[in-house]
Structures are given as C-alpha cells and as structure tokens.
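J.: For reference, the structure I am asking about is given below.
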Amino acid sequence: MYLVVMSGQAMAAEAPVKRIYAVYWRGCEESCLGYQDYLAANLPGAELIIRNADRNKERLPGFLAEARSLGVDLILSWGTTVTLGLAGPFSERHDPRYNQDIPQIFTIVADPVGAGIIQSLEHTGRRNLTGTTNRVPESVNINAMRTYLPSFRRLGLIYNSNEPNSVLKRDELERLAPQMDIELIALALELDGQGMPKASDIPVKMAQLKQQSADFVYLGSSSFLNAQSTLFTSSAVEHGLPVLSPYESLVSEADALMSVSARYYQVGWLAGQLTGQILKEGKVPGALPVARMTEFAYVVNMAVARKLRLFPSVDILRFAETVNN
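The C-terminal residue of the sequence shown carries number 354 in the working numbering, and the numbering is unbroken.
Below, the structure written as structure tokens:
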C-alpha cells in the first residue's frame with residue numbers, strides 16, 4: 030500500500046518539506062489517525078508516506094531501503110515487529126542492515142526494553158531512536174480485576190509461544206504474581222507443523238483454565254489472539270470466565286468483560302509530539318526518553334456482565350465507561 034498525506038496547507042516554497050515515512054503492521058488505524066491529526070495541526074505541509082506491512086515482516090527490509098532512497102527526515106514504526114525489522118534489536122544496533130542514521134520513532138510498542146529494542150525507557154542507548162509505549166502497568170490491570178471481583182485469586186493466561194510479546198507478557202506476569210498475591214495459570218497454544226499457533230486450540234485451553242479454577246482471564250500483547258478475539262472471548266463466556274484486555278475493541282466488539290487501555294488515538298498524538306520535538310525543535314531522538322501514557326480508559330461490557338452475572342459495583346460505575354448496555 031502506498032499513501033501520501035500532506036498535513037494542512039502547503040508551506041511557503043522556500044521552506045523545506047519534512048518527509049515522514051510511516052510503516053504500519055496492519056494498516057492505518059486509530060493511532061495513525063491521531064498521528065495525522067497532530068501533524069495537520071502542528072506540522073502543516075509535512076509529507077506523510079504510509080506503508081502497510083499487512084502482517085508480513087518480509088516486506089520490512091524493502092520499506093527501509095525505500096525510506097533511505099527517498100531521503101526521508103523521519104521514520105515512524107508501528108509495533109514491536111515493525112520496529113525490530115527496521116531498527117533491529119539493541120544488540121545489533123551497529124548492523125548496517127538496520128536503520129542507524131534516520132531519526133526514528135516507534136509507537137504501539139508495549140515493552141521496548143523487554144523486546145530488546147532499547148536500553149531503557151529513560152535512555153534508549155540509540156542516538157537515532159526513541160518512541161512511545163502504550164502499556165498499562167500490569168499491577169493496574171490486576172488491581173482492576175481485584176476491584177471488580179474481590180474474590181479474585183487465580184489469573185488465567187493463554188499465550189502464543191511463537192510471538193515474542195506474548196512470551197514476554199507471560200514472563201512478566203510470572204514475576205509479578207507472587208508480589209500481587211495471585212496465582213498465574215499460563216497455558217501455551219499448540220503450534221502446527223510450521224510453528225504457527227492453532228486457533229482451534231483456544232477453546233481447549235479455555236476449558237483447561239476453567240478446570241484449574243481461574244477467576245479471570247487476561248488477553249494482551251498478542252496480535253494473533255487479538256485477531257482471534259471473537260473466538261477467544263466467546264469461549265471464555267461459554268465457560269463462565271471474565272476476560273480483561275488492554276484491547277478496548279474486545280469489550281466494544283467482542284465478549285471481553287472489561288478493558289483498561291491507553292487509547293490508540295492518544296498514543297498516535299503522543300508520537301506526533303515527539304515528531305515535533307525532533308523535526309521542529311531539532312532534538313536528537315536518543316536524547317528524548319520514551320514517552321509514556323499516564324491516563325487509561327476503563328470500559329465494561331454490560332451485556333457480558335449480565336451473561337456472567339458479574340455486575341460492576343456502584344464505585345466502578347462512577348469512573349468506568351459502559352458499552353452494550
């Protein structure tokens with residue numbers, strides 16, 4: 030896919046046009062719209078070149094080659110897979126196959142340190158790279174489950190061992206569980222002969238979580254499971270299990286009970302602010318800490334609450350949004 034967007038009115042002829050090359054994993058979505066709106070309001074005349082990897086990482090080297098040939102001023106990379114494909118891991122930060130020179134901002138990367146992209150959130154360790162993280166602290170998610178269901182003790186997790194983010198999430202929750210006084214029940218999806226996860230195994234694993242007395246099920250940091258959200262959440266409801274997810278669409282469009290999330294539009298706007306600091310103010314990307322969201326949206330699916338007979342308390346309704354009432 031090739032799309033060029035001119036943000037706002039063209040600037041005077043003598044002012045150089047800033048060219049931004051944005052690569053998305055599954056097309057232009059809410060964060061893309063937030064980014065475009067920021068550019069239109071704050072970088073009028075900027076040229077935004079959008080590429081869609083369409084979930085195919087084999088396309089990424091070609092995109093980087095094109096960005097170099099076009100002499101763009103900045104690269105925006107969406108998600109962990111795209112960012113690793115363009116910038117490479119921190120351990121290979123001097124490898125010429127990856128972007129070492131063009132200023133780059135990553136966005137919608139839940140754990141850039143755990144994924145091996147940067148050294149730390151405060152100091153990326155890479156002169157040309159910074160970005161945003163949209164992660165909700167898992168302690169916030171666990172406390173949200175505990176607030177909704179005070180008897181909550183066992184957290185169920187189905188993860189994709191073929192997806193780095195999904196494995197990182199399992200590892201993080203394993204470390205956090207004893208600190209939060211909960212038990213984690215983590216089950217890996219069965220893989221096929223090509224090493225790909227089997228969607229048909231989701232209901233099987235959900236039944237196992239029910240048998241092992243999970244109180245809540247967590248779905249996050251997995252593009253595969255997000256793509257299988259209808260099957261995942263309907264299987265959970267069938268077994269009487271509430272699902273919490275950082276993907277708000279699972280509450281509004283599927284059968285997750287609740288979501289605690291950073292809204293993608295706002296994350297895109299945040300990436301735009303970093304872009305302004307680099308292209309307008311001349312800041313060096315590596316001198317900027319990773320920008321983090323501090324406000325999160327709580328959303329409850331009332332139709333699912335009725336199915337599960339797990340209704341939110343009055344206190345929760347004071348701050349949470351509700352859908353499917």
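The beta carbon of each residue, even a glycine, is placed where N, CA and C say it ideally should be.
(1) Could you tell me the boundaries of the alpha helix (DSSP H) in which GLY301 lies?
(2) Just to confirm before moving on: does the CB-CB distance between PRO275 and GLY297 stay below 7 angstroms?
(3) Indicate the three-state DSSP secondary structure (helix, strand or coil) for SER263 in the structure shown.
(4) Taking C-alpha atoms, which residue in THR259, LEU273 and PRO45 lies nearest to VAL165?
(5) Can you name, in chain order, every residue of its own chain whose Cβ lies under 7 angstroms from the Cβ of SER149, other than the five neighbours on each side?
(6) If THR262 and ALA228 are in contact, beta carbons under 8 angstroms, what's the gap, nearest whole angstrom?
(7) Can you tell me whether DSSP reads GLY311 as helix, strand or coil?
(8) Would you call ASN354 buried or exposed, if buried means 16 or more other Cβ atoms sit within 10 Å of its Cβ?
(9) Which of the three DSSP states, helix, strand or coil, is assigned to GLU350?
(10) Please give me, in chain order, every unbroken run of the beta strand (DSSP E) with length at least 3 that falls completely inside the stretch 186-242.
(11) Using C-beta distances below 8 angstroms, list every residue in its chain close to VAL398, excluding the 5 sequence neighbours before and after it, in chain order.
(12) Does the pairing of the stretch 290-304 with the stretch 62-75 give three or more beta-carbon distances under 8 angstroms?
(13) Which value, in whole angstroms, describes the spacing of the CA atoms of VAL46 and ALA326?
(14) With LEU213 and GLU203 assumed to form a contact (beta carbons below 8 angstroms), what rounded beta-carbon distance in angstroms separates them?
(15) Considering only residues of the stretch 130-154, which uninterrupted beta strand (DSSP E) runs meet the minimum length of 3 residues and lie entirely inside it, listed in chain order?
(16) By DSSP, does ARG321 sit in helix, in strand, or in coil?
(17) Might you give, ordered along the chain, the residues of its own chain that have their beta carbon closer than 7 angstroms to the beta carbon of HIS268, omitting 5 neighbours on each side?
(18) Could you tell me which residues DSSP pairs with THR162 in its beta bridges?
(19) At the level of alpha carbons, what is the spacing between GLN38 and VAL329?
(20) Between GLY224 and ASN191, is the Cβ-Cβ spacing less than 7 angstroms?
(21) According to the neighbour-count rule (16 or more other Cβ atoms, all chains shown, within 10 Å of its Cβ), is ASP344 buried or exposed?
T.: Working from what's here:
(1) Within the sequence shown, the letter at position 272 stands for residue 301. Its alpha helix (DSSP H) spans residues 293-308.
(2) Numbered from 1 along the sequence shown, position 246 holds the residue referred to as residue 275. Numbered from 1 along the sequence shown, position 268 holds the residue referred to as residue 297. Contact annotation: PRO275 and GLY297 have beta-carbon atoms that are not nearer than 7 angstroms.
(3) Taking the first residue of the sequence shown as position 1, residue 263 is located at position 234. It is helical.
(4) Here residue 165 is taken as the residue at index 136 of the sequence shown, counted from 1. Looking only at THR259, LEU273 and PRO45, the smallest Cα-Cα distance to VAL165 is reached by LEU273.
(5) Here residue 149 refers to the residue found at position 120 of the sequence shown. Counting only residues of its own chain and dropping the five nearest sequence neighbours on each side, SER149 has a CB closer than 7 angstroms to the CB of VAL142.
(6) Here the question's residue 262 lines up with position 233 in the sequence shown. Here the question's residue 228 lines up with position 199 in the sequence shown. Here THR262 is actually not in contact with ALA228; their C-beta atoms are around 13 angstroms apart, not less than 8 angstroms.
(7) For the purposes of this step, residue 311 is taken as residue 282 along the sequence shown, with counting starting at 1. Looking at GLY311 - three-state DSSP - the assignment turns out to be coil, as it is neither helix nor strand.
(8) On the sequence shown, position 325 is the one that residue 354 refers to. By the 10 Å Cβ count, ASN354 comes out exposed.
(9) Counting from one through the sequence shown, the residue named residue 350 turns up at place 321. Here GLU350 carries a strand assignment [DSSP, helix/strand/coil].
(10) Look at the stretch 186-242 and you find these whole runs of beta strand (DSSP E), each 3 residues long or longer: 212-217.
(11) The chain is shown only over 30 to 354; residue 398 falls outside these bounds and no answer can be derived.
(12) Output reads yes: the stretch 62-75 touches the stretch 290-304.
(13) Counting from 1 along the sequence shown, the entry for residue 46 is found at position 17. Counting from 1 along the sequence shown, the entry for residue 326 is found at position 297. One C-alpha to the other measures close to 36 angstroms.
(14) Position 184 of the sequence shown, counting from 1, holds the residue named residue 213. Position 174 of the sequence shown, counting from 1, holds the residue named residue 203. Indeed, because the Cβ distance is near 6 angstroms, the residues count as touching under 8 angstroms.
(15) The qualifying runs are 133-136.
(16) On the sequence shown, position 292 is the one that residue 321 refers to. DSSP places ARG321 within a strand segment (E or B) once states are collapsed to three.
(17) Taking the first residue of the sequence shown as 1, we reach residue 268 at position 239. In the same chain as HIS268, and ignoring 5 residues on each side of it, the C-beta atoms closer than 7 angstroms to its own belong to MET235, ALA236 and LYS239, in chain order.
(18) Numbered from 1 along the sequence shown, position 133 holds the residue referred to as residue 162. Paired residue(s): ARG321.
(19) Against the sequence shown, residue 38 aligns to sequence position 9. Against the sequence shown, residue 329 aligns to sequence position 300. Confidence is the limiting factor: at GLN38 the pLDDT is only 49, short of 50, which leaves the residue's position unreliable, though a coordinate-based value still follows. Separation of GLN38 and VAL329 (C-alpha to C-alpha, rounded to the nearest whole angstrom) is 41 angstroms.
(20) Here residue 224 refers to the residue found at position 195 when the sequence shown is read from its first residue. Here residue 191 refers to the residue found at position 162 when the sequence shown is read from its first residue. Yes, the Cβ-Cβ distance between GLY224 and ASN191 is below 7 angstroms.
(21) Residue numbering aside, residue 344 sits at position 315 when the sequence shown is read from its first letter. ASP344 is exposed by the Cβ-count criterion.
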